[in-house]
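Asks: Here you go, one structure.
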Amino acid sequence: MATTATVGNEKSLWRGGMAPFKASYGKLMMWFFLVSDAFTFSGLLITYAFLRWSAPAYNGDPADFVFSTEYWPIPEKVYEAFPGFHGVELPLVFVGLMTFILIMSSVTMVLAVEAGHRMDKKNVVKWMLWTIIGGICFLSCQAWEWSHFITGTDTATVADVVVNGRWQENYEIFGAGLTFNQYGPPAFAALFFFITGFHGFHVFSGVVINIIIFFNAANGMYEKRGHYEMIEKTGLYWHFVDLVWVFVFTFFYLI
Amino acid sequence: MATAAVQIDAHDDHSHDHEHHHETFITKYIFSTDHKMIAKQFLLTGMFWAIIGGAMSSIFRLQLGFPDADLGWLQPLLGKWIDASGKLDPEFYLALVTMHGTIMVFFVLTAGLSGTFSNFLIPLQIGARDMASGFMNMLSYWFFFLSGVVMFISLFLETGPASGGWVVYPPLSALPQAMPGSGLGMTMWLVAMVFFIVSSLLGGINYVTTIINLRTKGMSMSKLPLTIWAFFLTAIIGILSFPVLFAAALLLVFDRSFGTSFYLSEIYIGGEALPNVGGSPILYQHLFWFLGHPEVYIVLLPALGITSEIIATNSRKPIFGYKAMIISMMGITVLSFVVWAHHMFVSGLNPFLGSIFMFLTLIIAIPSAVKVFNYLTTLWRGNIVFTPAMLFSIGLVSVFISGGITGIALGNSAIDIQLHDTYFVVAHFHLVMGSASFFGMVAGVYHWFPKMFGRMMDSKLGYIHFWFTFVGVYLVFFPMHYIGIAGFPRRYYSFTNFDAFSGFTDLNAFISVAAIVTLFAQFIFVFNFFYSMFRGRKAPANPWRSNTLEWTTPINPGHGNWPGEIPAVYRWPYDYSKPGAEEDFIPQTVPYSQTMDSNLPHENDLIELEGEIDEIVVDETGEYIEHDSH
Ligand code: HEM
Ligand SMILES: [Cu+2]
């Protein structure tokens, strides 16, 4: 609504009485929220970079790499497990799969939005369902990855740490917690839990929202309303979460 | 389009039968979605906090000015924080300073100022029925309220509220065992701030969206009053900087409660080594000041916007340099994000980086000076009407100049290394940010009180209030410069233990007396406010003969603001004393075609376009749904 016969050139869109970006207020709000959320993630990723590069790096030959709390680990050596392939080194394969799932769920979201434009209720519902399934798959993968990360590998890393308030020398560390971990300096796991957790929480909220939207669409609420704008708004959020994952992935797994 | 039309109707009869039925006390005064009521909620809550924050400053000023005094008489209020010999507890002194800063910066000058005036003025001055989302607006207030409740409760904790300064630097704030105030008080501080950030984001997103989508016909961005420009840019700054504080606060929560070491490394406390390694407290400072510096503009810009409006109206002159004002504010907005490390010159920052930040910091002086220049040139040879609002606006210009000049000194890293964390800095930011924003806020209340409550505030009391406050803040903050140059550090419980500073005891006592008198003078305002709300003279429709849209609403506007259609806008808001015009003001709603005698040549050309403005079909809901054009 709100555009008029007078809309001739771009400038006149800003003359008041209309929506200059041709977007409803709800969509604008979503955009601004995402911009601000992007700043939260930037703050966290800057924190990652700051701590990552103030920790000592591993300088030896990657072939001789072993875990130590003294230097930052090589990511391929940490994220190399795959469910059902115990003991096989498959660096970054599992996280690659997760990323693929999330990106696919963005694709199905695009299809849902597109179906909404055509007022095609059946397809909106179908693609929303696929998007939800994609989101749930991603979260399940993340749950597996976390639990593997927490449990650790078969060989311990030995270091001096404080356990339950008591100083322990030559302590055998398996897996990871928030205070110390077998893979590298304490900040390594702390950042992993914090940032992927914060992202995972976003995905989780996204799935919940998608489920609500799914039921609304299935019940014909948007059809009655005459437009499927709600799908577009949640779509923006979903793509954003996807995009953030690309950054998180790059920071944690590639560099 | 159908839905929109339906919604407009809904809105319309809302504003008609509003006063008569289906309005309970709860929906009208508590869970209201009317921007005007929400604004008043913010204002009253802000005033409540200002009184608490002010009272705290008086208590610690008593300690600083009269270190030997017996404060036993405060015991009924402060309980165990006054010991048996009538001395203020040193830990509680730190808590008072911290809470004073937090309350003033966030609760009073952010929520109290932006919350009140962005909410009140945006829909009224751009010509909208309400905010884009009244519901989110209501949520914004209630998150603020919740944040206040948590902070308030923390004042009464056994271990006291947070005490690490309003910037809550780790490691002090990250280690509960570091000081009593780093215990539960700090946790509650963080919880309160998280709610506060949510509130401020909900508000900010709403303000920006409303200004973009809901301007009435003809209200182009270049016809917006400067108040709206200021609120717009303030909201943008908030949307971009608060989330970073959010990230910083969450990381701090993890360090405090879940054993991580984001900000902690190699610390001994009470002779015992802590296991934390690998973190960095400097990281926190970067994250905090990335919000912290923009925050000072979040506090200041709305006050500057309010002042622009009041000075132009009461000088009966167009604002000088309307475009320059907007460009300056945009410049300030951008620059405010790239100067944060000037708070960290002594943190071990690389001196080269320091000089870059110094350069960027000093550049901010340019837009600031442009604004000051424009205020002065607007006042110059104006027909000045000295209303209380006008006095406070002029006062703002004065304190902004005095405080800004010391900013230029502090911006030089070589000087700041000497002055950092001394009373010189305290003097600087209290003038430039504290007093200036406070003056702007008070000016706004005097000016828009008639629109808020349909009654006038008493101007005699206003004048008395102004002179006490104006003279007061100079007496309080000016001497602090000398004390700071002499090397007094801030946040110290007592100076009398140091020989070097004993020469300044009388100056400190003087400041304390001035501060307490100034605080009491504020109760003149509080009295005036509540008295006028019920007993004040009934306000005329346009008491200040002003051009902006809010004065075209009924004296007591209902929900929806205008009973009929929203008026269209044809001209900028600063046509004061235009040669050839009958009156010395021409409201924004008067088309050029009705003012042939006063039009400038290019304005005559605009008459043709006025037809186009009238033709615009407004969608008052701010919805935009793609559809085939008519
Ligand atoms: C000409 C423009 C300005 C310059 C060059 C400037 C410079 C500075 C510098 C260098 C500091 C750090 C001093 C230190 O901690 O040692 C500082 C502190 C401060 N400034 Fe400004 N400033 C300017 C304007 C403002 C404005 C407009 C505001 C508020 C609206 C403001 C609010 C503050 C505050 C609150 C602090 C204290 C921060 C703390 O607790 O350490 N400044 N200023
Ligand atoms: Cu600053």
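Respectively, the protein sequence lines represent chains A and B.
Residues in the first sequence are numbered from 1 upward in steps of one, following my numbering.
Residues in the second sequence are numbered from 1001 upward in steps of one, following my numbering.
Note that the Cβ used here is the ideal one computed from N, Cα and C, for glycine as well.
#1: Going by DSSP, what residue range makes up the alpha helix (DSSP H) through D1605(B)?
#2: Run the proximity test for V1167(B): is its beta-carbon closer than 7 Å to any non-hydrogen atom belonging to ligand 2?
#3: DSSP on P20(A), reduced to helix/strand/coil?
#4: Find the nearest neighbour of S1140(B) within the set M1390(B), P1579(B), E1550(B), I1197(B), judged by alpha-carbon distance.
#5: Exposed or buried, which one is Y1297(B) when buried takes at least 16 other CB atoms within 10 Å?
#6: Could you have a look at R1545(B) and say whether DSSP puts it in helix, strand or coil?
#7: Can you tell me the Cβ-Cβ gap for L1245(B) and F1288(B), rounded? I've got them flagged as a contact below 8 Å.
#8: Go through its chain and collect everything with a Cβ distance to V207(A)'s Cβ below 8 Å, but skip five positions before and after it.
#9: Could you check where the beta strand (DSSP E) with N170(A) kicks off and where it finishes?
#10: So does V1432(B) have its beta carbon nearer than 7 Å to some heavy atom of ligand 2?
#11: Is the CB of I1625(B) under 8 Å away from at least one CB in chain A?
#12: Mark P56(A) as exposed unless 16 or more other C-beta atoms lie within 10 angstroms of its C-beta, in which case mark it buried.
#13: Taking 7 Å as the cut-off, is the beta-carbon of H1100(B) closer than that to any non-hydrogen atom of ligand 2?
#14: Check whether the stretch 1424-1441 of chain B and the stretch 1476-1488 of chain B are in contact - that is, three or more C-beta pairs closer than 8 Å.
#15: E1610(B) CB to nearest chain A CB: under 8 Å?
#16: Mind pulling the chain A residues with CB within less than 8 Å of T1209(B)?
#17: Taking C-beta pairs closer than 7 Å, name the residues in chain A that F1258(B) reaches, listed in chain order.
#18: Per DSSP, what are the beta-bridge partners of V162(A) in this structure?
#19: Anything in chain A within Cβ reach of L1283(B), meaning under 8 Å, just list it in chain order.
#20: With a Cβ-Cβ cutoff of 8 Å, do A1436(B) and L1335(B) count as a contact?
#21: Judging by CA-CA distance, which residue of W1073(B), K1317(B), A1069(B) is the nearest neighbour of P1579(B)?
#22: Please confirm if T131(A) has its CB atom under 8 Å from at least one CB of chain B.
#23: Given a limit of 9 Å on CB to CB distance, which residues of the stretch 1589-1601 of chain B reach chain A?
#24: Would P73(A) pass as a contact of G177(A) if the rule is Cβ separation under 8 Å?
#25: Any idea what DSSP makes of E1272(B), helix, strand or coil?
#26: I'd like the list of long-range same chain contacts for I255(A), defined as Cβ closer than 7 Å, with 5 residues on each side in sequence excluded.
#27: If you count every other CB in all the chains shown that lies within 10 Å of the CB of F252(A), and 16 or more means buried, which is it?
#28: Does DSSP put A176(A) in a helix, in a strand, or in coil?
#29: Can at least three beta-carbon pairs, one atom from the stretch 1503-1516 of chain B and one from the stretch 1055-1066 of chain B, be found at a separation below 8 Å?
#30: Quick one: list the residues of chain B neighbouring L44(A), beta-carbon separation under 7 Å, in chain order.
#31: Closer than 7 Å: is that where the CB of H1342(B) sits relative to any heavy atom of ligand 2?
#32: Can you tell me the Cα-Cα spacing of F201(A) and L1349(B), whole angstroms?
#33: Using a Cβ cut-off of 7 Å, pull out every chain B residue sitting near G16(A), in sequence order please.
#34: Write down the C-beta distance between M29(A) and I1205(B) rounded to the nearest angstrom, noting that I regard them as a contact closer than 8 Å.
#35: Taking the alpha-carbon positions, what's the G1484(B) to L1064(B) distance?
#36: Would you mind giving the Cβ-Cβ distance between T1378(B) and I1311(B), rounded to the nearest angstrom? I have them listed as a contact below 8 Å.
Replies: Put simply:
#1: 1601-1615
#2: no
#3: coil
#4: I1197(B)
#5: buried
#6: coil
#7: 7 Å
#8: I132, G135, I136, L139
#9: 166-173
#10: no
#11: For I1625(B), the predicted model reports a pLDDT of 47, less than 50, meaning its position is unreliable; a value from the coordinates is still stated below. By this cut-off, I1625(B) is an interface position.
#12: exposed
#13: no
#14: yes
#15: no
#16: Y25, L28, M29, F32
#17: L178
#18: W167(A)
#19: T47, F50, L51
#20: no
#21: K1317(B)
#22: no
#23: none
#24: no
#25: strand
#26: none
#27: buried
#28: strand
#29: yes
#30: A1247
#31: yes
#32: 35 Å
#33: R1215, T1216, K1217, G1218, M1219, S1220, V1569
#34: 5 Å
#35: 14 Å
#36: 5 Å
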